[in-house]
Structures are given as structure tokens and as C-alpha cells.
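Working notes for the structure below.
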Amino acid sequence: MRLTMRRSATLLAVVAAAGFLTSPVETQSAGDGGEWAEKARLGFERTEAAVAVVAGRVYVVGGMSRGQDSDTLTQEYDPKTDRWRERAPMPRPLSHPGAAVLNGKIYVVGGFLRNVHLDAQSDAFAYDPATDRWEMLTPLSSPRGSVGVAALNGRIHAIAGRDVNRDTVDTHEAFDPKTGKWTPLAPLPQRRDHIAVVAAEGRIHVIGGRYYTPVENTNTHDVYDPAKNSWTAAAPLPTPRSGGAGVLYRGRILVFGGECDNRVPFVHNEAYDLASGRWSRLAPMPSGRHGITAAADGDRVYVPGGAPACATAASETLLTFSMR
Numbered sequence: 106m107r108l109t110m111r112r113s114a115t116l117l118a119v120v121a122a123a124g125f126l127t128s129p130v131e132t133q134s135a136g137d138g139g140e141w142a143e144k145a146r147l148g149f150e151r152t153e154a155a156v157a158v159v160a161g162r163v164y165v166v167g168g169m170s171r172g173q174d175s176d177t178l179t180q181e182y183d184p185k186t187d188r189w190r191e192r193a194p195m196p197r198p199l200s201h202p203g204a205a206v207l208n209g210k211i212y213v214v215g216g217f218l219r220n221v222h223l224d225a226q227s228d229a230f231a232y233d234p235a236t237d238r239w240e241m242l243t244p245l246s247s248p249r250g251s252v253g254v255a256a257l258n259g260r261i262h263a264i265a266g267r268d269v270n271r272d273t274v275d276t277h278e279a280f281d282p283k284t285g286k287w288t289p290l291a292p293l294p295q296r297r298d299h300i301a302v303v304a305a306e307g308r309i310h311v312i313g314g315r316y317y318t319p320v321e322n323t324n325t326h327d328v329y330d331p332a333k334n335s336w337t338a339a340a341p342l343p344t345p346r347s348g349g350a351g352v353l354y355r356g357r358i359l360v361f362g363g364e365c366d367n368r369v370p371f372v373h374n375e376a377y378d379l380a381s382g383r384w385s386r387l388a389p390m391p392s393g394r395h396g397i398t399a400a401a402d403g404d405r406v407y408v409p410g411g412a413p414a415c416a417t418a419a420s421e422t423l424l425t426f427s428m429r
């Protein structure tokens, strides 16, 4: 797809800026890179779904599933029994939603109705696993899909994404469950979507993503400080990619998978150490995936579904990653 002059100028400016940052990559010694495994399959092929962990159980919400461009399907996985069960469906179907956990509830924000990236929605829902009930919330200020979502300091942040015109945006707003209102905040420095968004140590990290298509994958790493309502640059992702998963795990931010590496999904698994500010390589995925999100319970990282090919294919696998 041909870039507009605006997008080309933005891309060149960002690439030039990123060139001033260095990101040494340390190769882990044998046995230190972690281990991947496969658990019970979902029973449905799913991709572009939201994933969260609450009270030790894994929840997979929405996405492209059961032959539909967007779905209401909610599934719960119990690691102790290695079994899945269906739970109450979302009020409306969504693919490419974002999700975060706050006070025992799963907040699901934005999404699309049709493939590819069509009919962006402004929906916001909260799911309480304890009661198996959904609640409709105040919608976003404008419709967005493939939005990055994180919980920080009692609020749900919705960052960037793609609008009803399929254009990427830099919008950043936060929802306060106490007031039921969204508040605009400092926009992301570069508009993009399919980003990895992780809250850690009082800040939000936005890593990678794409400016428009997968050929415009970026390694940009921006960090939001809520005390200053401002962004700063951090060491860039060693392998530029989008559509992968980002998760906080044992003091490091992991970014794995993505679209696309020489016409196949990325298998890369790279970790950002919050203490040192450096990236390292971990054990790669057993097979590449994109259209994935992930969640961790402290013991393992869970990666359900995703697309094993750079097309509309989807998987029903549940991959897990763990380290000693």
C-alpha cells in the first residue's frame, strides 16, 4: 500500500529520531532463556482477542472467532485443571479490543466489527468474573480499534489505535471507574496501532506497533509518566514489529510474536529489563503468531490463539512461557 506524503514524512522523522538511541541486545546463555509449552486447546480458532488474568484464571474475550469477523465469545481457562469453559458473552461483538484488569474486573475497550480494521467502535465494558456479569461503561471519546489498554493508578488508559477511517491515531485518554468519565491526556508522540502496552513501576510503556501497514513496523519505545503527563523515549525494541504481545513478567517486559517476518509471523521473544533499561533475547516461540495478546499470573505467561500465518488464519492453541 502506497504511503501518503504525510505518513512518509512522519515515518522518516521517527526513524531518524530512533537512530540516536542504542539498544544493545544480550544473548541469554543456555537454560536461561525460558521454556515454551502447549496446554489444553481453546476449542475454537481465535485471533485478535483480548486476554486477562484474574484470581489465577485466564480470560479470552472477543476477537475473530467461530467464522465471524468479530465475536462476543468469553472463555475462562483454569491452569489447575487445564480446562476451558464458556462464560457470559460480551454485550456486543468486537475484534481487536484492548483489555486491562483493575480491582478484580476486566475492562475491555474499543475494537472493530469487520475485517480488516473496519467499523471501529467506541465501546467500553467491564466484566466481573466473580459474578459472571458484564457492565456497559461510558464510551471512548471517539471510535478506535487495535487500541492499547493498561491499568495504572486506579484508571484505565486507552492509547492510540485506528479510527473509523482506518487511520492510526495518537489519542490517549483515561477512564476513572469512580466518576465514570474519560479524561484526555498527553497524546502518544507518534501515532500508531497494534502496539504492545504494559504498565510497570508506575509508568506505561508503549512498544513497537505500526504506522499504517506491517511494512511500517517500528521499534519505537515510549514511556508515559502520569505525574508529569508526558512521554519520554526508552531503548527501542531490537526487532521492529507489530501485532505481537507485550506483558510484564518477573521484572521484565516481554514482547513476542508479531506481523510479519519474511511473510511468516515473528517468533522473537525479547525482554526489557526495567532495572537496567536493556533488552535481551529469550527462547523464541515454538512457532510464530500475530494478532495475539497475553497475560501473566506470576508463574507463567499465557498466549491463547493468534494467527500462525500472515493472513486471516487463526489458531486454537494455548501457548505458555515460563522461567525458573
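Numbering-wise, my numbering puts 229 at position 124 of the sequence shown, and it's gapless, one number per residue.
All C-beta atoms, glycine included, are put in the ideal place defined by N, C-alpha and C.
Select from the options the residue whose C-alpha is nearest the C-alpha of residue i.
i    : options                   : result
K283 : N258, D404, P292 and V406 : N258
Y182 : G167, P198, A193 and R162 : R162
T318 : E306, G348 and I312       : G348
L379 : F371, G362, R357 and S385 : R357
E322 : Y329, S251 and G314       : Strictly speaking, residue 322 in this sequence is Asn, with Glu absent from that position. Of the listed residues, the one whose Cα sits closest to N322 is G314.
R297 : G253, V328 and K333       : G253
I309 : P343, L147, P248 and G351 : G351
R192 : P202, T179 and A204       : T179
A263 : V303, V360, V408 and V158 : V303
L199 : R171, R188, R405 and V206 : R171
T186 : K144, K210, N208 and T337 : K144
R405 : P345, G285, L359 and I211 : L359
If we ignore side chains and look at the alpha-carbon of each, how far apart do residue i and residue j end up?
i    : j    : result
E421 : G410 : 5 Å
D228 : S427 : 34 Å
T177 : G167 : 5 Å
H373 : N270 : 31 Å
S246 : D272 : 16 Å
A418 : A332 : 42 Å
Y164 : D233 : 11 Å
L353 : L293 : 20 Å
L223 : F217 : 6 Å
L290 : A279 : 7 Å
D275 : R190 : 37 Å
L242 : F230 : 5 Å
P370 : I397 : 11 Å
R346 : G363 : 6 Å
V156 : A399 : 6 Å
H395 : M195 : 23 Å
Q295 : I211 : 27 Å
Y316 : P184 : 37 Å
Give me whichever residues DSSP pairs with residue i in a beta bridge.
i    : result
K286 : D281
D183 : R188
T152 : M169
D327 : V311 and A338
D298 : R315
G266 : V274
Write down the C-beta distance between residue i and residue j rounded to the nearest angstrom, noting that I regard them as a contact closer than 8 Å.
i    : j    : result
I47  : H326 : No answer is possible for residue 47: the residues shown for the chain start at 106 and end at 429.
A154 : A205 : Their Cβ separation, rounded to whole angstroms, is 14 Å, which puts A154 and A205 out of contact at 8 Å.
Do residue i and the ligand HEM come close, with the Cβ less than 7 Å from some heavy atom?
i    : result
E278 : Judged by which ligands are present, the structure shown has none, so any question about the ligand HEM falls away.
Segments of 3+ residues assigned as beta strand (DSSP E) that fall wholly inside the region 357-410: Runs found: 357-361, 374-378, 383-386 and 406-409.
Alpha helix (DSSP H) segments (min. 4 residues) lying fully within the region 176-264: none
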